[in-house]
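*Asks:*
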Amino acid sequence: EAHRQGEEEEEEEEDVMVEEDEGDDSDDDSEEEEEEEADPEPTAADFKDRGNERYKSKDYPGAIEAYSQALTLDPQMSTLLTNRASAHLMLRQFDAAIKDCDAAIGLDDSMAKAYFKKAKAFLGKGRAQDAIAAYTAGLVRDPTNANAKTERTAAEEAIRRLELARQCLERKDYSQTWRQIVLIEKVMPEVPDIQMMKIEALCGIGKHNEAFTLTTSLMRMNSRVPGLLFWRARCLYYMDSVPQAIRHMQEAMRNDPDNTAYRTELKKWKHMEAEKEAGNAAFKGGRYEEAIAKWTTCLGIDASHRTYNAKLYFNRATAQARLRRHQQTVDDCTKAIELDSGYLKAYNRRAESYRILGEKEGLEQALRDYEKAAELDDEANQRSYRQKLQQVKVEIKRAGRLDLYKLLGVSKDSTEDEIRKAYRKAALKWHPDRHSSKSEEEKSNAEKVFKDINLAFEVLGDAEKKKRYDSGVEIEDIDDPHAGHGRGHGGFGGGGMSQEDLLRMFMAQHGGGGFGGGGFGGRGGGGFPF
Numbered sequence: 004e005a006h007r008q009g010e011e012e013e014e015e016e017e018d019v020m021v022e023e024d025e026g027d028d029s030d031d032d033s034e035e036e037e038e039e040e041a042d043p044e045p046t047a048a049d050f051k052d053r054g055n056e057r058y059k060s061k062d063y064p065g066a067i068e069a070y071s072q073a074l075t076l077d078p079q080m081s082t083l084l085t086n087r088a089s090a091h092l093m094l095r096q097f098d099a100a101i102k103d104c105d106a107a108i109g110l111d112d113s114m115a116k117a118y119f120k121k122a123k124a125f126l127g128k129g130r131a132q133d134a135i136a137a138y139t140a141g142l143v144r145d146p147t148n149a150n151a152k153t154e155r156t157a158a159e160e161a162i163r164r165l166e167l168a169r170q171c172l173e174r175k176d177y178s179q180t181w182r183q184i185v186l187i188e189k190v191m192p193e194v195p196d197i198q199m200m201k202i203e204a205l206c207g208i209g210k211h212n213e214a215f216t217l218t219t220s221l222m223r224m225n226s227r228v229p230g231l232l233f234w235r236a237r238c239l240y241y242m243d244s245v246p247q248a249i250r251h252m253q254e255a256m257r258n259d260p261d262n263t264a265y266r267t268e269l270k271k272w273k274h275m276e277a278e279k280e281a282g283n284a285a286f287k288g289g290r291y292e293e294a295i296a297k298w299t300t301c302l303g304i305d306a307s308h309r310t311y312n313a314k315l316y317f318n319r320a321t322a323q324a325r326l327r328r329h330q331q332t333v334d335d336c337t338k339a340i341e342l343d344s345g346y347l348k349a350y351n352r353r354a355e356s357y358r359i360l361g362e363k364e365g366l367e368q369a370l371r372d373y374e375k376a377a378e379l380d381d382e383a384n385q386r387s388y389r390q391k392l393q394q395v396k397v398e399i400k401r402a403g404r405l406d407l408y409k410l411l412g413v414s415k416d417s418t419e420d421e422i423r424k425a426y427r428k429a430a431l432k433w434h435p436d437r438h439s440s441k442s443e444e445e446k447s448n449a450e451k452v453f454k455d456i457n458l459a460f461e462v463l464g465d466a467e468k469k470k471r472y473d474s475g476v477e478i479e480d481i482d483d484p485h486a487g488h489g490r491g492h493g494g495f496g497g498g499g500m501s502q503e504d505l506l507r508m509f510m511a512q513h514g515g516g517g518f519g520g521g522g523f524g525g526r527g528g529g530g531f532p533f
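According to this note's numbering, the sequence shown is numbered sequentially starting from 4.
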């Protein structure tokens, strides 16, 4: 913006344009005379021309040097001062530009363009009120200058917008603050104080990467701007670079050791990072309960850090999955996705847990999760998603059949021992002897559930049958090695074994006692020990 501003001034400033000298066509001098003549010393006009050429080629330091040499020879030439001021403006050397303009005005008070250049320098420093005064003084001397009138009006509008931006920032209306500053910067670009307001507004609306880029630019211009390191640290913090954020905040503390806001933030960040790392270490060591506890503590420290907390929820979900707490896994993945809608790993983890839980509604959500994950993931992984989607569709179709896992109260990833224990518990609960005094309807229901429980164990307690059931083979086809998904071939019955025989055999094998001679019918003869 400053370069464009200076280029526009170059067009306005006729004195900056190169003055072409008329050539000398005489070639009558002899060679001997040329050799005898000494090179003439450059004049102020020569240095001025050299400065003009350098300015046009954008060599602004060189232009300043040439104009300074010209001023040494002719310190009363006011146009040299305004030309040098133009070069200072292009280099954002606003104080030097103002000094040259004041010197030019001291030589020629009627020089309107000196006032206008001074006004531009004031705008570069963010001093809009002083710029308006300079424009006004220049317009007294050049009242028809339309550009100066327009620029003065823009400066007046910038003052009003700057006050509005401050009010918006005070009430934390960051979006409106940012919109006002964007308009202000058209008049006063790259003013440190205004850029600091913009950084705070960008952080407020969650654009931390953009704010961080702005802090980098500002540090190159002036690394001593108050609060710059603090806001740079906050950007890094919300960009999930917490260790770097801590280092920047420590540097800010060294520059301002009594700042309580810096100290509070630094303490909070260190606490968060320590709890997170402790959770990571516990997880790597297989101490999943401890990891969950650490990450839960960490989640309570700063609710405003959405992406950081999303990762914590996902980490906790992963630990819950290791403990086979799949509903908790689903819940934590859901929270992670609420905080970060593009969290690929969370969609995949939630889908897997939904599949293990096996409910039809959950399977339908797993299908949607895989579809979303496929959108987010690379092309190289699309084949895997197509396979998963096909598998889930099959699982949804068979979700209406008898759920053997649900009957026993186990999940698909339960161990053989867990299945045996669950069967024993369910069989004890639903054994008809225990319901003999109930109504006919209740007894009938108990017998049905008991029968289904035995069926569930006969399938899930056999590794091969369980594998076939998990692959989608219908229950009635489990004993048919040629049966596929959904085929109906013959009956199922475990080789003709009765429910009583199955339970008695199980209890004998696993030290559970027997039913005695009374079978399911009565409690005599050493019946089932409840």
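Note that beta-carbon positions come from the ideal geometry of N, C-alpha and C, so glycine has one too.
#1: Counting only the same chain and skipping the five closest in sequence on each side, list residues whose C-beta sits under 8 Å from that of VAL21.
#2: Secondary structure at VAL452, three-state DSSP: helix, strand or coil?
#3: Three or more beta-carbon pairs under 8 Å between the region 128–145 and the region 97–117, yes or no?
#4: Determine the burial state of THR2: buried for a count of at least 16 other Cβ atoms within 10 Å of its Cβ, exposed for fewer.
#5: Would you say ILE304 and GLU278 are within 9 Å of each other, going by their C-beta atoms?
#6: Is VAL143 helix, strand or coil by DSSP?
#7: In chain order, which alpha helix (DSSP H) runs of at least 4 residues are fully inside the region 41–110?
#8: Span of the alpha helix (DSSP H) holding ASP380?
#9: Determine whether the beta carbon atoms of ALA88 and ALA47 lie at a separation below 9 Å.
#10: Whole angstroms is fine: what's the gap from GLY493's alpha carbon to GLU479's?
#11: Suppose you measure from the CA of ALA248 to the CA of ALA236; what does that come to, to the nearest Å?
#12: If you draw a straight line from the alpha carbon of GLN179 to that of ILE101, how long is it in whole angstroms?
#13: What does the alpha-carbon distance come out to for the pair SER414 and ARG358?
#14: Going by DSSP in three states, VAL228 sits in which element: helix, strand or coil?
#15: Is it true that the CB of LYS446 sits closer than 9 Å to the CB of HIS3?
#16: Does PRO246 have its Cβ less than 9 Å from a Cβ in chain B?
#17: Rounded to the nearest angstrom, how far is the Cβ of TYR177 from that of ALA157, given a contact under 8 Å?
#18: I need the straight-line Cα distance from GLU534 to TYR316, nearest angstrom please.
#19: Using C-beta distances below 7 Å, list every residue in its chain close to LYS469, excluding the 5 sequence neighbours before and after it, in chain order.
#20: Which partner residues does VAL245 have in the DSSP bridge list?
#21: Could you check the C-alpha separation between THR418 and GLY230 for me, to the nearest Å?
#22: Going along the chain, which residues of its own chain have a beta-carbon closer than 8 Å to the beta-carbon of GLY345, five neighbours each way excluded?
#23: Could you tell me the distance, in whole angstroms, from the CA atom of GLU293 to the CA atom of ALA281?
#24: Quick one, are the C-beta atoms of ALA274 and MET242 less than 9 Å apart?
#25: Quick check for students: name the residue ranges of the alpha helix (DSSP H) that lie wholly in the region 301–349, counting only runs of 4 or more.
#26: For ASP1 and TYR426, what's the separation of their Cα atoms in angstroms?
#27: Quick one: grab the DSSP three-state call for VAL194.
#28: Does the beta-carbon of SER442 have 16 or more other beta-carbons within 10 angstroms, so that it is buried, or is it exposed?
#29: Considering only residues of the same chain and omitting the five flanking positions on each side of LYS271, which have a CB-CB separation below 8 Å?
#30: So, for ASP133: in the same chain, excluding its five sequence neighbours on each side, which residues have a beta-carbon less than 6 Å away from its beta-carbon?
#31: What residues in its chain sit with their C-beta under 7 Å from that of ALA255, if we drop five residues either side in the sequence?
#32: Note down the Cα distance separating ALA137 from LEU83, rounded to an integer number of angstroms.
#33: So which of ASN150, LYS451 and SER71 has the shortest CA-CA distance to ASN86?
*Replies:* Considering the structure as presented:
#1: In this predicted model, VAL21 has a pLDDT of only 36, less than 50, meaning its place in the structure is not dependable; the value taken from the coordinates is given anyway. Excluding positions up to five away in sequence, the list reads ASP52, ASN55, GLU56 and LYS59.
#2: helix
#3: yes
#4: Here the chain covers residues 4 to 533 and nothing more, so residue 2 does not appear.
#5: yes
#6: helix
#7: 47–59, 63–76, 81–93 and 97–110
#8: No alpha helix (DSSP H) holds ASP380; DSSP gives it neither H nor E.
#9: no
#10: At GLY493 the pLDDT is 39, less than 50, meaning the model places this residue with poor confidence; the figure from the coordinates comes in the next sentence. Near 7 Å, if we compare the C-alpha coordinates of GLU479 and GLY493.
#11: 4 Å
#12: 33 Å
#13: 10 Å
#14: coil
#15: Absent from the model: residue 3. The displayed extent of the chain is 4 to 533, so no value can be given.
#16: As a matter of chain content, chain B is missing from the structure shown, which is built from one protein chain.
#17: Actually they are not in contact, since the Cβ atoms of TYR177 and ALA157 sit about 24 Å apart, beyond 8 Å.
#18: With the chain covering 4 to 533 only, the question about residue 534 has no answer from this structure.
#19: VAL462 and LEU463
#20: Paired residues: none, contrary to the question.
#21: 58 Å
#22: LEU379
#23: 9 Å
#24: Contrary to the premise, residue 274 reads as His rather than Ala in this sequence. No, these two residues do not count as a Cβ contact at 9 Å.
#25: 309–325 and 329–342
#26: What the structure shows of the chain is the stretch from 4 to 533, and residue 1 is not part of that stretch, so it cannot be assessed.
#27: coil
#28: exposed
#29: ILE304 and ASP305
#30: PHE125
#31: LEU232, PHE233, ALA236 and TYR265
#32: 20 Å
#33: SER71
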